[in-house]
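Report on the following structure.
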Amino acid sequence: MESFIIEGRNNLEGIVEIGGSKNAALPIIASTVLCGREYIIENIPDIEDVRMMFEILDNMGCETQFENNIAIIDTRGLNSHVVSEKLVKKIRSSIILMGAVLHRTNSVEIAYPGGCEIGLRPIDLHLKGLKKLGVEIVEKKGILYGSVKNPLGCEIQLDYPSVGATENVMLFAVGLKGKTYIYNAAKEPEIFDLQNFLNTCGYKISGAGTSIIEIEGTELQNKDTVEYKIISDRIEAGTFLSAAASMKSKIYIRNIEKAHFNSITSLFEEAGCEIRESHGTVVVSSEGKLKAIEKVTTQPYPGFPTDMQAQFMASMSTAIGTTILDETVFESRYKHVPELQKMGADITTIGRVAVIEGVEKLHGAEVNAKDLRGGAALVIAAMKAEGITKVNDIYHINRGYDNFMNKLQNLGVIITSIEE
Ligand code: UD1
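Under our numbering, the sequence shown has 39 at position 28, and the numbering climbs by one with no breaks.
Written out as structure tokens, the structure reads:
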């Protein structure tokens with residue numbers, strides 16, 4: 012078991028460089044199987060989830076090399092339509108391979124990903140979309156068998172703007188005859204990045220970033236090497252902002268598009284933090300004492316992201332007043348609450364609502380990371396707590412943050428990792 016040991020009462024100061032977006036990298040890596048060719052992709056975060064996605068591709072006959080945040084992927088040798096069950100269980104978002112593999116090989120065999128730490132996470136919208144586009148899907152003993160029967164572009168209305176379902180449908184529809192329209196599509200910047208990547212490959216997609224995406228089926232002729240650079244991670248940027256906001260700090264967040272995380276910066280401004288943008292750098296100054304915000308609701312983009320809910324909660328745990336959080340995206344995303352309580356936080360949850368009474372200070376404790384963002388929240392709480400905190404099971408955190416400990420150390424945080 013690997014843990015972080017964090018000495019509390021830190022002030023954050025310095026510069027942090029934000030890495031590539033996890034949620035943009037994963038679907039873009041998946042989409043390299045659409046067409047057998049070579050891809051050189053920059054700004055890929057060096058995190059467990061990405062490495063597992065490469066392992067899946069290698070397992071299917073592709074060749075991947077990954078160094079210094081640059082991936083060279085050759086998918087010409089893809090020789091299987093079977094996505095390893097063992098690996099799918101490790102990385103739930105590998106379900107986005109479904110559309111891409113179906114497009115390339117006309118069939119797919121992939122394990123049903125099942126629930127995870129943050130909720131049930133059904134994939135009914137993915138399957139409904141693919142079926143409407145002409146895929147026959149049957150499930151036997153937890154394995155989904157898909158085969159392409161009558162493929163044709165069509166209109167797909169998503170009941171909810173699911174990020175994964177939008178991506179899966181995009182990846183299958185790009186090569187179909189006719190046009191596909193996705194209505195009520197997810198609008199996240201990562202969807203826009205996927206569109207950009209696919210258009211760089213030669214496909215024809217427009218509308219990403221709005222709720223209607225138009226895909227004109229295209230049979231690719233040009234198979235030259237594709238070069239691409241992934242956008243930066245708005246949630247990583249939000250996490251550092253969240254840490255700086257609740258301590259006496261001045262940090263410079265570099266390499267991030269501020270427009271991508273406006274819903275996060277505006278909340279922290281409301282809470283009393285000073286945020287300005289200068290030459291592509293977001294400068295955060297805080298006196299360390301935030302004001303509570305009466306009601307915050309997580310929503311699909313451009314609303315406040317569920318992926319920031321835990322970190323925001325850690326920040327507001329020492330704010331002046333009461334903050335009420337409503338988690339509307341996932342049904343059980345409060346596993347960090349009992350851990351924050353061990354550190355002295357006063358938080359009550361009723362279903363999807365959490366009531367956070369700001370306390371004067373937190374204290375160090377031994378706590379357990381239960382999921383990626385909840386783990387980051389514990390690190391934030393530990394940085395401002397009195398005394399020493401041990402955060403266990405940090406593999407959850409390393410799944411999604413590239414070089415987290417070093418970046419924090421550069422900002423002056425006293426943090427080390429130990430293995431037991
Ligand atoms: C993606 C992100 C994740 C983020 C989430 C919401 C990646 C790799 N992951 O996850 O970090 O927290 O978006 O912003 O990009 N749902 C259904 N049926 C479906 C699909 C989804 O009911 O077929 C529900 C989910 O259970 C959840 C909600 O819709 O309650 C949002 O899920 P979705 O947008 O699909 O999230 P993911 O793509 O899984």
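Note that beta-carbon positions come from the ideal geometry of N, C-alpha and C, so glycine has one too.
query, result
"Three-pair Cβ contact test at 8 Å for the region 32-41 versus the region 235-248", "yes"
"Check: Y345 C-beta below 7 Å from any heavy atom of ligand 1", "no"
"Start-to-end residues for the beta strand (DSSP E) that takes in G157", "I154 to V159"
"Within 8 Å, strictly: CB atoms of S297 and K259", "yes"
"DSSP beta-bridge partners of D6", "Because the chain in this structure spans residues 12 to 431, residue 6 falls outside the shown range and cannot be described."
"Beta-carbon proximity list for G25, same chain, < 8 Å, skipping 5 on both sides", "I262, Y263, N421, L422 and G423"
"Cβ-Cβ distance between V307 and L351 below 8 Å", "no"
"Run of the alpha helix (DSSP H) containing Y406, from where it starts to where it stops", "Y406 to N409"
"Buried/exposed call for L182, threshold 16 Cβ in 10 Å", "buried"
"Cβ-based burial, I9 [other Cβ within 10 Å; buried from 16]", "For residue 9 there is no data in the structure shown, the boundaries of the chain being 12 and 431."
"V119 CB to nearest heavy atom of ligand 1 below 7 Å", "no"
"Residue environment, G157, which counts as buried when at least 16 other CB atoms sit within 10 Å", "buried"
"Backbone secondary structure at L23 - three-state DSSP", "strand"
"heavy atom of ligand 1 below 7 Å from I134 C-beta", "yes"
"Under 8 Å between C-beta atoms of A303 and I286", "no"
"Proximity winner among E227, G283, T229 and L45, relative to M109 (alpha-carbon distances)", "L45"
"Residues that D85 bridges to, as DSSP identifies them", "E49 and E74"
"Start-end ranges of the alpha helix (DSSP H) lying completely within the region 215-302, minimum 4 residues", "245-256 and 273-281"
"Residue burial classification, K381 (beta-carbon count within 10 angstroms, cutoff 16)", "buried"
"Distance cut-off 7 Å: T317 Cβ against heavy atoms of ligand 1", "yes"
"Where V370 falls: helix, strand or coil (DSSP)", "coil"
"S173: CB within 7 Å of a non-hydrogen atom of ligand 1", "yes"
"Per DSSP, cross-strand counterpart(s) of T116", "The partner list for T116 (beta bridge, DSSP) is empty, contrary to what the question assumes."
"Span of the beta strand (DSSP E) around T432", "The requested residue 432 is not part of the displayed model; the chain covers only 12 to 431."
"V27 versus G175: straight-line alpha-carbon distance, rounded", "29 Å"
"C-alpha distance - V366 paired with G283, whole-angstrom precision", "20 Å"
"Rounded C-alpha distance that separates F415 from N409", "8 Å"
"Check: S104 C-beta below 7 Å from any heavy atom of ligand 1", "yes"
"D135, DSSP secondary structure in three states", "helix"
"Closer than 7 Å: H114 CB and nearest ligand 1 heavy atom", "no"
"Helix, strand or coil at A122 according to DSSP, with G and I counted as helix", "strand"
"For G31, the three-state DSSP class (helix, strand or coil)", "strand"
"Range of the contiguous alpha helix (DSSP H) that encloses F208", "P200 to C212"
"Range of the contiguous beta strand (DSSP E) that encloses T400", "I399 to N403"
"E273: CB within 7 Å of a non-hydrogen atom of ligand 1", "Residue identity differs from the one stated: residue 273 is Asn in this sequence, not Glu. Because no heavy atom of ligand 1 lies under 7 Å away, the Cβ of N273 does not count as near it: no."
"Same chain only: Cβ atoms within 7 Å of N233, ignoring 5 sequence neighbours per side", "G213"
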